[in-house]
Structure formats: C-alpha cells, structure tokens
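Before any comments, here is the structure.
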Amino acid sequence: HYDVLIVGAGHGGAQAALMLRQQKFEGTVALLGDEPEPPYERPPLSKDYFSGEKPFERILIRPATFWSDRNIDLLLSRRVTAVDPAAHKVTLADGSTIGYGKLIWATGGSPRRLACEGHGVKGVHAVRTRADVDQMMTELEATSRVVVIGGGYIGLEAAAVLAKFGKHVTVLEALDRVLARVAGEPLSRFYEAEHRAHGVDVRLGVSVDCILESDGRATGVKLADGTVLPAEMVIVGIGIIPAVEPLLAAGAAGGNGVDVDGQCRTSLPDIFAIGDCAAHDNAFAGGARIRLESVQNANDQATIVAKAIMGGDEQYHAVPWFWSNQYDLRLQTVGLSTGHDAIVTRGDPAARSFSIVYLKGGKVIALDCVNATKDYVQGRALVVGGIAPALDQLADTEVPLKSLAG
Ligand code: FAD
C-alpha cells in the first residue's frame with residue numbers, strides 16, 4: 005500500500021513524484037512504470053539521442069539515485085492491468101495487487117499502428133520508447149533507405165536525423181501538407197522545402213497500401229496508387245492512442261483519454277490523471293476539451309495534482325508551449341493555433357529566422373517561432389493577454405513584440 009501510487013514513470017509521473025516531495029508530502033510514494041529504465045526524457049528520442057549526440061545517461065530526468073534519496077519507490081518493468089476504485093487498489097500484469105490512498109494515472113499513450121498488411125514485420129518502428137530507438141539504431145548500419153510514414157513532428161525529426169546520417173529518406177503524408185494538424189500552412193511549406201533541400205523525398209496526399217516484406221522483414225512500402233518504395237526501415241509516426249483502458253474499464257468518464265477537471269481529478273474517487281492521456285478543458289483552446297501531448301502539459305498538470313493532494317485549490321491554466329529541432333532549425337511554439345482565422349508571417353522564411361503569428365477574432369492566440377527565440381519569449385505576453393495588435397506592426401520585425409503587449 006502506498007499513500008500515493010503513480011502509474012506511468014514518464015514525464016508526468018516523475019514530475020508528480022518530485023513535486024510531492026518538494027511540497028513536503030511525507031507519506032509513502034511509489035512511481036510504477038512498465039519500461040525498465042528510470043524516468044527519462046522522451047523528446048530526445050527523435051532528436052539528439054537518436055543522432056547519438058546525447059548518451060542515455062544525459063536524458064535521464066534525474067540521476068538514478070535521486071528517487072531513493074527522496075524516499076520514492078521506483079517500481080519498474082511493471083504494468084497495471086486493472087483498477088478497483090472502490091477497494092483503492094490496482095492489479096498488475098503478474099496478478100499481484102497494490103493498494104493506494106491516491107492514484108495518479110500518468111500513462112501517456114501507445115503509438116497508433118498501421119492497420120495494413122505487413123504492419124507488424126521486423127524493420128517497422130514506432131518512436132515512443134528508448135527500446136524503440138535502440139532497436140532502430142542497431143538496424144541503421146544495414147539500412148540505406150528509410151520510409152517515414154506520417155509528416156508530424158516526430159516523423160520529421162527522425163527524417164532530419166536520418167538525412168544527416170546520409171540515408172535516403174522518404175516522408176509520406178496523407179494530407180496535403182506536413183504538420184497539418186498542428187501548424188499553419190506557411191510553416192508546413194517551410195519545413196517541406198527544408199527537408200527537400202536536405203535530400204528528403206517529401207510526398208504529400210499519398211496513402212499507404214501495405215508494407216512489403218520478405219522472410220518477415222520489411223522490404224518497402226506500397227502506395228495506394230501502386231508505387232513501390234523500397235526500404236530496409238519503415239518508421240511510423242501517426243499519433244498515439246491514450247493508455248487509459250484500465251481506468252475506462254473501472255468506470256472513469258472519458259473516451260479520447262480520460263476526462264479530468266481543473267485539478268486533474270477523474271470522475272473516480274481519489275484518482276487523478278495527467279499528461280498525454282488526460283482530456284481537460286483548456287483555456288488556450290477556447291475552453292475546448294483536449295489532450296495535449298507535450299512536456300509542458302505533463303509537468304504543469306503534475307504540479308497541479310501535487311498541490312491538490314497537499315490541499316491546494318490551484319486550477320490548471322498553464323500556457324501551452326512546445327519545441328521541435330530539425331537540422332539547424334529550432335522551432336519554439338507558444339499558445340495553441342487551432343481555430344485561428346488569420347496568420348501573420350513576421351520576418352522572412354528565406355532568412356531561416358521568422359515567426360508565424362496566429363490570430364482569432366483579431367487577438368493573438370499562438371506563435372510558431374523558427375530560430376526566433378526573442379519572438380517566442382516576448383510573444384507569450386500577447387497570447388496570455390489576448391492582445392489584438394495592428395497587423396502591420398505584428399509583421400514588422402523592427403517592432404519588438406514586447407512593445408505590442410500593452
Ligand atoms: P509518458 O512520458 O509517455 O510516460 C508514460 C509512461 O507510462 C510510459 O513509460 C509508459 O510505458 C507507461 N505506461 C503506460 N501504460 C502503463 C501501465 N498500464 N502500467 C504501467 N506503466 C504504463 N514534447 C514536447 O513538449 N517537445 C518535444 O520536442 C517532444 N518531442 C517528442 C519526441 C518523441 C519521439 C516523443 C515520443 C514525444 C515527444 N514529445 C515532445 C511529447 C512528450 O514526450 C510527451 O508529451 C510526454 O512524454 C508526456 O508525458 P506523460 O507522462 O503523459 O507520458
């Protein structure tokens with residue numbers, strides 16, 4: 005039995021545990037996860053861990069001894085399969101049970117798989133865990149051609165690393181532009197051009213028919229129009245499915261993730277949910293119920309829960325932010341651009357330093373800043389304040405954004 009049991013030892017889980025101790029919580033705490041490693045950062049998996057620039061030790065969220073030093077029990081390689089809210093206990097895959105006072109569900113999601121033939125053969129990879137990336141790394145030497153399915157951030161970041169390695173990379177995107185779900189068209193076109201300039205074959209509006217294989221290993225991808233793209237490796241980056249079945253089976257409200265209130269409480273007693281799996285009403289999405297897949301969201305929700313458990317009443321109201329590294333381009337985003345009705349490009353994309361500003365009803369709701377950290381830092385106040393600047397001023401790089409914040 006633990007006073008607080010945290011299920012999922014990723015970004016949100018780790019932050020919840022360390023925030024509880026930081027808030028002087030004195031009860032027993034366990035951080036339980038199904039991966040074998042202590043909590044580590046996931047973003048480098050498609051960036052500098054994949055490229056070999058950072059060894060695993062440098063992507064640990066805290067040094068391995070941190071957890072025991074703070075009396076946090078790490079229960080690794082263990083998977084929760086069922087939750088009994090009435091009895092306040094969880095069941096693990098090996099049949100054992102653990103009781104809890106409060107349960108924090110921080111399980112993230114599992115990569116969405118292709119539904120087509122060949123999706124499960126060797127050489128087809130998701131990018132979600134260290135194990136996924138280590139497996140890809142062992143296959144790299146024997147790989148000269150890679151097909152990346154999905155033109156989202158993870159797929160594009162992996163493509164950038166592979167292009168740098170000199171691999172022949174093709175990116176397949178079903179929609180008519182990359183990053184379509186998260187960014188405005190100018191940003192999509194910019195990244196498409198950058199990848200093409202680095203030799204990546206970006207194909208838009210294409211759909212996959214099947215993975216071709218020989219002796220259980222991928223040999224290529226066949227498109228719906230019959231085109232065959234030979235490849236030794238296929239990377240699938242088409243989103244995640246939130247890992248919430250045990251909670252939903254126990255009766256928690258939800259569907260796309262598990263529903264939580266402003267303090268990340270689920271509809272079940274003493275059970276909180278945070279991070280990628282938590283569907284919450286987000287003020288920066290106009291109050292819409294959404295899941296956010298970002299380190300910011302996982303960490304900030306974890307902090308809210310730690311405070312709630314300590315008796316606080318703070319509500320989740322954090323400004324969303326995110327980043328992506330591709331080649332020498334550092335993208336930093338603040339706010340949420342979904343629902344925008346106008347876009348202003350600030351600076352010249354050809355100079356490889358610019359920002360896309362998203363507006364709704366005249367007010368700034370988000371910025372995507374490429375090699376433009378100053379805009380990112382100063383633009384935050386425009387998003388938070390819901391500022392409605394003159395568009396010509398917004399577009400003028402001579403006018404610092406902070407001067408528009410009012
Ligand atoms: P996770 O960190 O995924 O942790 C969940 C843990 O729970 C996992 O270890 C999982 O295996 C485990 N688990 C699941 N079910 C169970 C169960 N039943 N029992 C026990 N354990 C379970 N975000 C950014 O902000 N910036 C970026 O640049 C960025 N890049 C990314 C690149 C990659 C390749 C990936 C995969 C993600 C990236 N993200 C990025 C997203 C970010 O990593 C996630 O939003 C963040 O990890 C969410 O934290 P979490 O705690 O919700 O889930």
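Just so we're aligned: 184 in UniProt numbering is position 180 of the sequence shown, and the numbers increase by one with no gaps anywhere.
A virtual CB, placed ideally from N, CA and C, is assigned to each residue, including glycine.
This one's a predicted model, so the numbers in the text were calculated from it and none came from an experiment.
N-terminal and C-terminal residue of the beta strand (DSSP E) that residue i is part of
{"i": "residue 331", "result": "From DSSP, residue 331 is part of no beta strand (DSSP E); its letter is neither H nor E."}
{"i": "residue 308", "result": "Residue 308 -> not in any beta strand (DSSP E); alpha helix (DSSP H) instead, spanning 299 to 313."}
{"i": "residue 174", "result": "172 to 177"}
{"i": "residue 277", "result": "275 to 277"}
{"i": "residue 350", "result": "346 to 350"}
Sequence-distant residues of the same chain with beta carbon closer than 8 Å to residue i, five excluded per side
{"i": "residue 126", "result": "220, 221, 222"}
{"i": "residue 385", "result": "391, 405, 406, 409"}
Residues of its chain near residue i, where Cβ-Cβ distance is below 7 Å and the 5 sequence neighbours each way are ignored
{"i": "residue 388", "result": "323"}
{"i": "residue 184", "result": "192"}
{"i": "residue 143", "result": "127, 237"}
{"i": "residue 357", "result": "351, 374, 375, 376"}
{"i": "residue 213", "result": "120, 226, 227, 228"}
{"i": "residue 63", "result": "44, 45, 48, 53"}
Rounded C-alpha distance that separates residue i from residue j
{"i": "residue 22", "j": "residue 74", "result": "8 Å"}
{"i": "residue 89", "j": "residue 45", "result": "30 Å"}
{"i": "residue 190", "j": "residue 281", "result": "30 Å"}
{"i": "residue 216", "j": "residue 175", "result": "17 Å"}
{"i": "residue 293", "j": "residue 341", "result": "15 Å"}
{"i": "residue 115", "j": "residue 343", "result": "26 Å"}
{"i": "residue 132", "j": "residue 347", "result": "32 Å"}
{"i": "residue 313", "j": "residue 29", "result": "9 Å"}
{"i": "residue 20", "j": "residue 203", "result": "42 Å"}
{"i": "residue 285", "j": "residue 291", "result": "5 Å"}
{"i": "residue 61", "j": "residue 394", "result": "48 Å"}
{"i": "residue 275", "j": "residue 145", "result": "46 Å"}
{"i": "residue 158", "j": "residue 330", "result": "10 Å"}
{"i": "residue 180", "j": "residue 207", "result": "9 Å"}
{"i": "residue 315", "j": "residue 119", "result": "46 Å"}
{"i": "residue 228", "j": "residue 17", "result": "41 Å"}
{"i": "residue 209", "j": "residue 196", "result": "13 Å"}
{"i": "residue 310", "j": "residue 304", "result": "10 Å"}
{"i": "residue 83", "j": "residue 300", "result": "25 Å"}
{"i": "residue 194", "j": "residue 149", "result": "24 Å"}
{"i": "residue 66", "j": "residue 58", "result": "15 Å"}
{"i": "residue 15", "j": "residue 24", "result": "14 Å"}
{"i": "residue 106", "j": "residue 99", "result": "21 Å"}
{"i": "residue 4", "j": "residue 403", "result": "Residue coverage of the chain in this structure runs from 5 to 410, which leaves residue 4 outside it and unanswerable."}
{"i": "residue 359", "j": "residue 333", "result": "12 Å"}
{"i": "residue 93", "j": "residue 170", "result": "51 Å"}
{"i": "residue 381", "j": "residue 135", "result": "35 Å"}
Nearest-angstrom Cβ-Cβ length linking residue i and residue j, presumed shorter than 8 Å
{"i": "residue 278", "j": "residue 108", "result": "7 Å"}
{"i": "residue 130", "j": "residue 240", "result": "6 Å"}
{"i": "residue 160", "j": "residue 199", "result": "7 Å"}
{"i": "residue 155", "j": "residue 173", "result": "Not a contact, Cβ separation roughly 12 Å."}
{"i": "residue 362", "j": "residue 188", "result": "6 Å"}
{"i": "residue 151", "j": "residue 235", "result": "4 Å"}
{"i": "residue 247", "j": "residue 111", "result": "4 Å"}
{"i": "residue 42", "j": "residue 78", "result": "6 Å"}
{"i": "residue 11", "j": "residue 36", "result": "5 Å"}
{"i": "residue 259", "j": "residue 295", "result": "About 11 Å separates the two Cβ atoms, so there is no contact after all."}
{"i": "residue 81", "j": "residue 40", "result": "5 Å"}
{"i": "residue 372", "j": "residue 335", "result": "6 Å"}
{"i": "residue 321", "j": "residue 355", "result": "So it is not a contact: roughly 35 Å between Cβ atoms."}
{"i": "residue 272", "j": "residue 255", "result": "7 Å"}
Limits of the unbroken alpha helix (DSSP H) element including residue i
{"i": "residue 50", "result": "Unbroken run through residue 50: none, as it is neither H nor E."}
{"i": "residue 148", "result": "Note, residue 148: premise wrong, no alpha helix (DSSP H); not H, not E."}
{"i": "residue 113", "result": "Not the alpha helix (DSSP H): residue 113 falls in the beta strand (DSSP E), residues 113 to 115."}
{"i": "residue 93", "result": "No alpha helix (DSSP H) contains residue 93, which is instead part of the beta strand (DSSP E) from 93 to 96."}
{"i": "residue 142", "result": "134 to 144"}
{"i": "residue 31", "result": "From DSSP, residue 31 is part of no alpha helix (DSSP H); its letter is neither H nor E."}
{"i": "residue 340", "result": "Neither: residue 340 is in no alpha helix (DSSP H) and is coded neither H nor E."}
{"i": "residue 191", "result": "189 to 201"}
Sequence-distant residues of the same chain with beta carbon closer than 6 Å to residue i, five excluded per side
{"i": "residue 95", "result": "85, 86, 101"}
{"i": "residue 319", "result": "266"}
{"i": "residue 399", "result": "348, 350"}
{"i": "residue 178", "result": "211"}
{"i": "residue 326", "result": "298, 337"}
{"i": "residue 242", "result": "116, 154"}
{"i": "residue 263", "result": "257, 283"}
{"i": "residue 34", "result": "6, 9, 77, 79"}
{"i": "residue 124", "result": "none"}
{"i": "residue 1", "result": "It is not possible to answer for residue 1, since the shown part of the chain is limited to 5 through 410."}
{"i": "residue 205", "result": "174"}
Quiz item: Are the stretch 43 to 55 and the stretch 163 to 170 touching, with three or more C-beta to C-beta distances below 8 Å?
Solution: Taking one beta carbon from each stretch, the stretch 43 to 55 and the stretch 163 to 170 have 3 or more pairs nearer than 8 Å; the two touch.
Quiz item: Is the stretch 368 to 382 close to the stretch 345 to 356, with three or more CB pairs under 8 Å?
Solution: At 8 Å Cβ cutoff, the stretches touch.
Quiz item: Does the stretch 363 to 370 come within contact of the stretch 326 to 346, defined as at least 3 CB pairs closer than 8 Å?
Solution: Because the criterion of three Cβ pairs below 8 Å is met, the stretch 363 to 370 and the stretch 326 to 346 touch.
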